[in-house]
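In what follows, a single structure is set out as structure tokens and then discussed.
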Amino acid sequence: MNKRFALTILATMAITATGFAKTLKSDQISQKMLKCQQIRTEFKATPEKAGGIYYAYPYSTDSMAPAPSGYEPFYISHYGRHGSRWVINKKLHRLVADALRAEQSQGNLTDTGREVLDKVEKLGKHTEGHWGELTPLGERQHSGIADRMAKRFPGLFKGNAKIIARSSTEPRCIISMAAFTEGLQKNNPNLTIERHASPGDMKFIMRHNDETRMLEKKDADWRKRFASAKDSLTRSVTTASRLFTDPGKVKDLPGLMRYIYDVAIDVQDVDGIDEDILGVFDPEDLYNQWKCSNYQMYVCHANSPDGTGAGPRSATNLLNDIIDRADEAIAGKRPTAADLRFGHDTALLRLLALMGAEGADASVSGFEKATCVWQKQNLTPMGANLQLILLRNSAGDILAAPRLNERPLRINGVAEATPGYYRWNDLRRIWKSTCNPVASLLERVCPGSSRRFIFEQTDTPDEFFEISAENGKPVIKGNSAVNIASGLNWYLKYYTGIHLSWNMMTADLPDVLPLPSRPERHVTDAAQRYYLNYCTHSYSMAFWDWERWQKEIDWMALHGINMPLAITGTDVVWRNTLLRLGYSKKEADEFVAGPAFQAWWLMNNLEGWGGPNSEKWYEDRAELQDKILTRMRELGMEPVLPGYSGMVPHDAEERLGMDVSGKGIWNGFVRPTFLKSTDPQFNKIADIYYDELRKVSGVAKYYSMDPFHEGGSIEGVDLTEAGKIIAGAMKRANPEAVWVIQGWNENPRAKLYAGIPKGDIVVLDLASEIKPQWGDPDTPSKTPRPTGYDGQDWLWCMLLNFGGNVGLHGRLDNVIGGYYKARDSRFGKDMTGIGLTPEGIENNPVMYELVSELIWRPEQFTKENWLEGYSRARYGSRNANAEKAWKMLGATIYNCPWGILQQGTTESIFCARPSEKAWKVSSWSRMKPYYKPQDVIAAAKKFAAAAPALKGNENYRYDLVDITRQAIAEKGRIVYTEMQKALKSKDMETFRRKSDSFLSLIKLQDELLSTRPEFSVSTWIDDARRLAPTKHERDNFENNARLLITTWGPRVASEDGGLRDYGHREWSGVLGTLYYERWKTWIERKLSGDKTPVDFYSIDEKWVNSREKYPLSGADCVETALKALKAL
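Mapping to this note's numbering: the sequence shown position 565 is 675, numbers consecutive.
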């Protein structure tokens, strides 16, 4: 008896005496050990099985349980992998041959090694001219499968039954399709068969996406982790000793042995050659080679947590195609007996994992565990095929019989109606849940967890989500993917204590998922839910790559957003538009702004600042926009694209003879001009623009346009006519389009939309929580609208953040009271939803959570009760100290009173330009002292008291740093007030002491914030440099990043235009250098009596031009925060 096998049996016998729970766990382990031993035994008997996906199709008969009485098959859906093929990798084959010849020349080959070299060379000669092609064996495999299918289901393949066959564009797949359909026709020449091999079908026949490509890259993270184990396992020392006189002399022995293995496993698929190379491998070496290869396939194409499960998610199009075509067959919409698909092993592996196929859907971490639960040779050998047979009885009941490789296939998580057969509706429901884009979203949040839920999308008109339970699983229903995602977010927060936020978009779900005792249903009338602001795309999103973007889109869905502003790639649109108007590339590039300033360029405020951008940049932007829009649309969102309202370059009048208005300067920048809509060229340019926009972004339902924004002149403009013409150009691009326009100050003027039919325009009441324009009779706005938006649709919006500034801030009472007041007012009948319109994001998550929940809460509530629930959801448990701290914050800094027009957070004195009367940072600030700094410090200390219980929670760790940061800033303002008093009384010794304290607080805050990347300027700068497509642009992008948060522009814009510090950030790196230097310089002059004014712009400019690095400290953020609070 094999020693390992004997030990396994002894271990199994020993554990039977233990308790039941422990026995069950140990029994599972022993079963895995037995399975691994069984694989070894199989390989000894049939070494070809160690070929994995290269294993030649082993079956010549089929198997199927008898159909239940009264049921007859009426349709087959199929996916087949191509059959056996010639050696595919000519480069790899030559590499092996060359390496063996090199060893031979050094006298390092044994007789066996020379025999292997001879076999490799013969295989190469035999394969020459056929690399990767289907072999005759592959044709016979498919012909045989088809023959057995026709004989098994003669009723389906009789007369002129219609068969539709689709193939990958790869020739070996096309020939497999031909062999299969010819096999069917041998049984019945009268069959009507359509054959297709179109690139358009590749989106489901063989779909790759960025996630799957990333997994397959040589530098993928999982490969790095696996590298050392792989090299150890694939050295194949015993086998190498048979080939080489001295294996130690072989360069990269593990790599060469893997290559020899790859060549050896291919031989079985080739007709006309009998050169056994597998036989040279020691059985244990062969097993280890297979184990490593098997694991790599498992990570890339199955439900492996090590690979984030990205592979199966790429098969959603394929599974949806199978479901949709089956539905059509059931409904009688398509008189088709069979849908045949021909593709590749990876697509089939992903499909099987996604379907929950037994043996294919295991989710375990590590290659040892993977070995025992997932074996590729049993799933997708050459010629592998999935068949789904649908049967119907006289009552119209539908059963489904899935088969893999002509054997019955179990689907995990679904009960069989009878052995080998499932109720179609049961399968369909689970598979539709699996294919729902929210399932993919959840996989990105918590890999391997989506199958623990059922997601069900209805076609009802109500905007709703519902949380219930079925068969031990949470069921989340909704009428759209976004509403289902909202339901998922609600479930995670209020059932599991998991709060997904900008600082943490991943989660570990509990082993046992809580289930609702009864269905919980939420309904809303807010059908439109807008997100973003042109400024957000610059102040926060300027340097985002796809990885960051997809997290944000997931965040949007979880928070109910279905109208996101999507302006990426608009620079490509404008560049191409100008080229068609006769501008040169150089001129077009000089018009387009750099990445950090595109928001204001698109809002008609400036031209070219921060640019020019490279050719590669434009290519990258178009590609990124395609990914963004694809994901948004997958989730059922309707992206809002930038439309055309009249912007043209400042020289358009002279250059193109246009009738323009609005020439001038915006805060020191030459601004584009506005082409009057009555100019005959308006429609021509608009049509060119929309045509170029369509090429980059497709056609949208919503287009954002804000003519005359922020100072644009309306002199000589017929606003009503202009509105009609602008809307008409949009309608030519899409007759169903809706104009989205910002309600800000006096815009949009009533005359502009007077001629627009209701439903063709929606107004964003941009800052409803600060100065509502919707008709609120109590508004503090200086441009009130007693008639609101005159019957046009509008959205209640929260602006909250200005300039991307960092700081705790909110208007809890205004948001809660203001929303319900608007909804219940006489203007509420035209309020079609809500909006989040911040200039910057990734801060104050509490406020965004609140607004996103308002629409699902029909009754008004108190902020105190809501904050209790928020604290529990955010930190995963009740904590009296955390809840009390949030109530303290909710009564002070998060409750800016009605009537105060403060724009965003109370700015930190640390970031202000020093003076004897420093108060605000930005020249635009409208700060008011609406709370006591001491109250915020007290709240921070109360929050810190929760650290012993909550310090392991990532949200708590982030919030502790943020709240402590605010407390330090408040202490700084208190100390600065004492500095002012000392200066006023000319008490310079006290001024010196207080100044030292003030400077130490800046350093203390810098030290604290350097513990987290969210609060470090290095993250902002590194993202900018990483996004730069060329080496030359790295410095320019860093310059963009540094400019935006300091001077904003050149001296004229910074000082005379007043833009400096509008985008300031309370971040480590900038605090400890620039802001510290400003204050230190000013304090030293005060102490020395030097009355020379400090040239702060020069200090700022020096920092902008610096390329200094600002590394994170690596210190524990909780310990650092607690230490800092003790110093206050």
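Beta carbons: idealized from backbone N, C-alpha and C, even for Gly.
The structure displayed is predicted, hence computed values, not measured ones.
Starting from the C-beta of residue i, find all residues in its chain whose C-beta is less than 8 Å away, skip the five residues before and the five after it, and write them out in chain order.
i: residue 647; result: 675, 677, 678, 708 and 709
i: residue 204; result: 234
i: residue 810; result: 748, 749, 750, 751, 844 and 847
Does DSSP classify residue i as helix, strand or coil?
i: residue 776; result: strand
i: residue 306; result: strand
i: residue 468; result: coil
i: residue 1235; result: helix
i: residue 1180; result: coil
i: residue 587; result: strand
i: residue 567; result: strand
i: residue 117; result: Low confidence applies to residue 117: its pLDDT is 28, below 50, so where it sits in the model is not reliable, and the reading given next is rough at best. Helix.
i: residue 919; result: coil
i: residue 283; result: helix
i: residue 693; result: coil
i: residue 414; result: coil
i: residue 904; result: strand
i: residue 452; result: strand
i: residue 480; result: helix
i: residue 1142; result: helix
i: residue 642; result: coil
i: residue 909; result: coil
i: residue 574; result: strand
Just tell me which of the options has its CA closest to the CA of residue i.
i: residue 508; options: 184, 1238 and 1035; result: 184
i: residue 379; options: 1182, 179, 193 and 155; result: 193
i: residue 344; options: 359, 442 and 368; result: 368
i: residue 903; options: 892, 942 and 887; result: 942
i: residue 735; options: 861, 755 and 659; result: 659
Taking the alpha-carbon positions, what's the residue i to residue j distance?
i: residue 457; j: residue 425; result: 7 Å
i: residue 607; j: residue 623; result: 11 Å
i: residue 826; j: residue 787; result: 11 Å
i: residue 1269; j: residue 333; result: The first residue shown for the chain is 111 and the last is 1238, placing residue 1269 beyond what the model contains.
i: residue 739; j: residue 911; result: 25 Å
i: residue 586; j: residue 546; result: 11 Å
i: residue 1238; j: residue 1225; result: 20 Å
i: residue 807; j: residue 1023; result: 43 Å
i: residue 1055; j: residue 1070; result: 10 Å
i: residue 371; j: residue 315; result: 29 Å
i: residue 1200; j: residue 923; result: 48 Å
i: residue 339; j: residue 443; result: 54 Å
i: residue 124; j: residue 482; result: Residue placement at residue 124 cannot be trusted, given a pLDDT of 28 that sits under 50; what the coordinates show is reported in the next sentence. Cα-Cα distance, rounded: 22 Å.
i: residue 867; j: residue 531; result: 55 Å
i: residue 824; j: residue 856; result: 12 Å
i: residue 983; j: residue 757; result: 46 Å
i: residue 491; j: residue 455; result: 8 Å
Taking 8 Å as the cut-off, decide whether the C-beta atoms of residue i and residue j are in contact.
i: residue 1175; j: residue 1127; result: yes
i: residue 1269; j: residue 305; result: Nothing about residue 1269 can be reported from this structure: the residues present for the chain run from 111 to 1238 only.
i: residue 511; j: residue 499; result: yes
i: residue 1048; j: residue 1073; result: no
i: residue 620; j: residue 577; result: no
i: residue 165; j: residue 487; result: yes
i: residue 726; j: residue 1140; result: yes
i: residue 921; j: residue 879; result: yes
i: residue 190; j: residue 495; result: yes
i: residue 1102; j: residue 1197; result: yes
i: residue 897; j: residue 802; result: no
i: residue 706; j: residue 1154; result: yes
i: residue 829; j: residue 640; result: no
Please return the same chain residues whose Cβ sits closer than 6 Å to the Cβ of residue i, not counting the five positions on each side in sequence.
i: residue 188; result: 450 and 497
i: residue 359; result: 218
Which residues in the same chain have their Cβ closer than 7 Å to the Cβ of residue i, if we skip the five residues on either side of it in sequence?
i: residue 301; result: 267, 270, 271, 273, 294 and 295
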